[in-house]
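See structure below.
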């Protein structure tokens with residue numbers, strides 16, 4: 110019998126195999142295409158049902174502290190489609206214009222002050238020691254102002270956007286255009302797993318771009 114370095118308890122497949130399969134599926138490949146791709150890479154056969162189950166069970170979550178964040182962060186929410194007519198989920202996010210990271214996100218069925226506070230507590234958890242932004246820019250939802258003051262005790266200013274031209278929230282609004290690629294969701298649990306994995310992949314991509322920029326900059330600067 111072929112020995113496999115299995116990292117997940119009671120699973121027949123290696124951790125790397127599962128992670129790549131899940132990543133390919135969440136990047137838009139069909140289950141059939143994922144099955145073919147992982148077979149070509151690992152020479153291991155897997156069923157489409159297994160790939161689908163993994164994509165729900167092992168969605169990666171972003172939990173690390175983020176460094177190099179800007180003095181102004183952008184916050185907003187948008188609606189995600191579900192399979193039920195006239196039913197949507199709220200996708201909340203905070204984005205950094207400097208690093209391009211999604212600092213934190215939240216998913217809910219309603220647009221309430223409670224949800225705004227949950228989002229901002231998650232944001233604060235991602236801050237390195239000694240860092241606070243000067244302001245967080247949002248739309249006109251009153252819950253943001255109260256949530257910012259509750260979570261940050263007036264240490265962070267609430268910056269309400271005034272104009273689409275000179276004082277906009279385009280950083281986060283342009284980010285939400287990615288939702289066009291998202292599927293319709295059956296329930297909040299599956300939506301959270303999908304978004305968690307998608308945000309993780311998005312931030313990893315932005316980190317790689319930032320690292321490449323830094324490497325090029327170091328090569329240009331004379332010693």
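In my numbering, the protein residues as written are 110 to 332. Note that the Cβ used here is the ideal one computed from N, Cα and C, for glycine as well. Note that this is a predicted model, so its numbers are computed, not measured.
Name the DSSP beta bridge partners of residue 268, please? Looking at the DSSP assignment, residue 268 forms a beta bridge with 246.
What does residue 224 pair with, by DSSP beta-bridge criteria? Its beta-bridge partners do not exist; DSSP assigns none.
Inter-residue spacing [alpha-carbon to alpha-carbon] between residue 276 and residue 270: Their backbone Cα atoms lie some 6 Å apart in a straight line.
Helix, strand or coil for residue 217 per DSSP? DSSP places residue 217 in strand when its eight states are reduced to three.
Please decide whether residue 188 counts as near chain D, where near means a Cβ-Cβ distance under 7 Å. Going by chain labels, chain D is absent from the structure shown, which holds only one protein chain.
In the DSSP assignment, what residue or residues form a beta bridge with residue 202? Per DSSP, 185 and 214.
What is the C-beta distance between residue 180 and residue 242, in whole angstroms, given that I count them as a contact (C-beta under 8 Å)? Their Cβ separation, rounded to whole angstroms, is 6 Å, which keeps residue 180 and residue 242 in contact under 8 Å.
Quick test of your reading: residue 207 and residue 178, contact by CB under 8 Å. State the CB separation rounded to the nearest angstrom. Your pair residue 207 and residue 178 checks out as a contact, with CB atoms roughly 7 Å apart and the cut at 8 Å.
Between the C-alpha atoms of residue 262 and residue 304, what's the straight-line distance to the nearest angstrom? Across the structure, residue 262 and residue 304 are spaced so that their CA atoms are roughly 29 Å apart.
Could you check what DSSP says for residue 315 in three-state terms: helix, strand or coil? In the structure shown, residue 315 sits in a helix (DSSP, three-state: H, G or I).
According to DSSP, is residue 276 part of a helix, a strand, or is it coil? Here residue 276 sits in strand by DSSP.
Supposed close pair residue 144, residue 127 - CB separation, criterion 8 Å: Their Cβ separation, rounded to whole angstroms, is 13 Å, which puts residue 144 and residue 127 out of contact at 8 Å.
So, with DSSP's three-state summary, where would you put residue 285? Residue 285 sits in a helix when the DSSP states are folded into three classes.
For residue 154, the first and last residue of its enclosing alpha helix (DSSP H): Counting along the chain, residue 154 falls outside any alpha helix (DSSP H), and DSSP gives it neither H nor E.
Give a yes or no on contact between the segment 282-300 and the segment 189-200, applying the rule of three or more CB pairs nearer than 8 Å. With contact defined as three or more Cβ pairs closer than 8 Å, the segment 282-300 and the segment 189-200 are in contact.
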